[in-house]
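Mature numbering (1 follows the signal peptide of the UniProt record, and there is no 0) puts the sequence shown at residues -23 to -1, 1 to 182. In this text, a Cβ means the ideal position worked out from N, Cα and C, and glycines have one as well.
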Amino acid sequence: MAFSNRYLLSLTTVSLFFSLSNAFFPGYNTHFMGPGFPNEAHPLTGLCPEYYQFTCPQADEIVISVLKEAIAEDPRMAASLLRLHFHDCFVQGCDASVLLDDSHYIVSEKNAKPNKNSLRGFEVIDQIKVRLEEACPNTVSCADIIALAARGSTVLSGGPTWELPLGRKDSKTASLKGANANIPPPNSTIQNLITPPNRVLESPP
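Printed below as a string of structure tokens:
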């Protein structure tokens, strides 16, 4: 139990760091500007907690409703969703690249050693996406869904909440090499966990 608590604390700390860090906003030429990108009806730009206040104000409520069902069925799912966010953010930033499956152009990050046969929660993210598309078609990015699910899972498990900037864009690329190289081992310290992103992911010139 003590190990589980320390592990969950580490994941929460690092996920919070990723969620609040502008260094993990998707970079130029790698990610597309999805349907929820600010426009005349939605002038907000960059990352901000109110990003969907006009286009999908009920987004967080929908996420929480799906999470309650999933965690009631499998209490371990809360930690799994937090870990999913953690593993997504360490590769190309918090861009939902971890969700991409194999294709002619992509080798999925799901095949990476730290992820294969261990990363869970994809079906919950899919359920959230379906509910959000019913309520707010073509609006909330998968990257934001993962981030909201990580925070919601933490709160529903009795952990802390935090202000979550939204407005991430989904990646069209994945990096198997990055997933194998950048996702740290489970025995890493919190300091080790938050240091690599500061060093590796820098703002574009």
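Identified DSSP bridge partners for residue i
i	result
cysteine 25	Leu143
Span of the alpha helix (DSSP H), counted from its first residue to its last, around residue i
i	result
cysteine 119	119 to 133
asparagine 159	153 to 159
Nearest neighbour of residue i, chosen from the options [CA to CA]
i	options	result
leucine 96	Cys71, His64 and Val68	His64
valine 84	Val40, Thr150 and Lys106	Thr150
asparagine 94	Val43, Ser57 and Ile39	Ser57
alanine 49	Ile167, Lys146 and Ser134	Ser134
glutamate 46	Pro34, Ser130, Leu109 and Ile123	Ser130
glycine 117	Ala127, Val132, Arg128 and Asp147	For the sequence presented, residue 117 should be read as valine rather than glycine. Answer by Cα proximity: Asp147.
threonine 32	Leu143, Pro162 and Leu170	Leu143
serine 80	Ser42, Leu59, Ile41 and Ser152	Ser152
leucine 44	Ala127, Leu170 and Thr166	Ala127
arginine 108	Val132, Ser74, Gln30 and Ile39	Ile39
glycine 70	Tyr28, Asp78, Ile41 and Ile160	Ile160
aspartate 37	Leu170, Ala73 and Val132	Val132
alanine 73	Leu125, Ser165, Gln30 and Gln168	Leu125
isoleucine 123	Ser42, Gln168 and His62	His62
cysteine 66	Ile41, Arg145 and Asn164	Arg145
aspartate 121	Met54, Leu59 and Asp51	Leu59
Heavy atom of the ligand PLP within 7 angstroms of residue i beta-carbon
i	result
glutamate 100	This structure simply doesn't include the ligand PLP, nor any ligand for that matter.
Minimum Cβ-Cβ distance from residue i to chain D less than 8 angstroms
i	result
aspartate 103	The structure shown has no chain D; it contains just one protein chain.
Counting only runs that start and end within the stretch 40 to 101, where is the alpha helix (DSSP H) found for 4 or more residues in a row?
Whole alpha helix (DSSP H) segments, 4+ residues: 54 to 66.
Three or more beta-carbon pairs under 8 angstroms between the stretch 153 to 164 and the stretch 72 to 90, yes or no?
Result yes; three or more Cβ-Cβ pairs closer than 8 angstroms.
Answer yes if the stretch 24 to 33 comes into contact with the stretch 92 to 103, meaning at least three C-beta pairs across the two stretches below 8 angstroms, and no otherwise.
Too few Cβ pairs lie closer than 8 angstroms, so no.
For the stretch 129 to 140 and the stretch 112 to 119, state whether three or more C-beta atom pairs, one from each stretch, are separated by less than 8 angstroms.
Counting C-beta pairs closer than 8 angstroms gives fewer than three between the stretch 129 to 140 and the stretch 112 to 119, which falls short of the contact rule.
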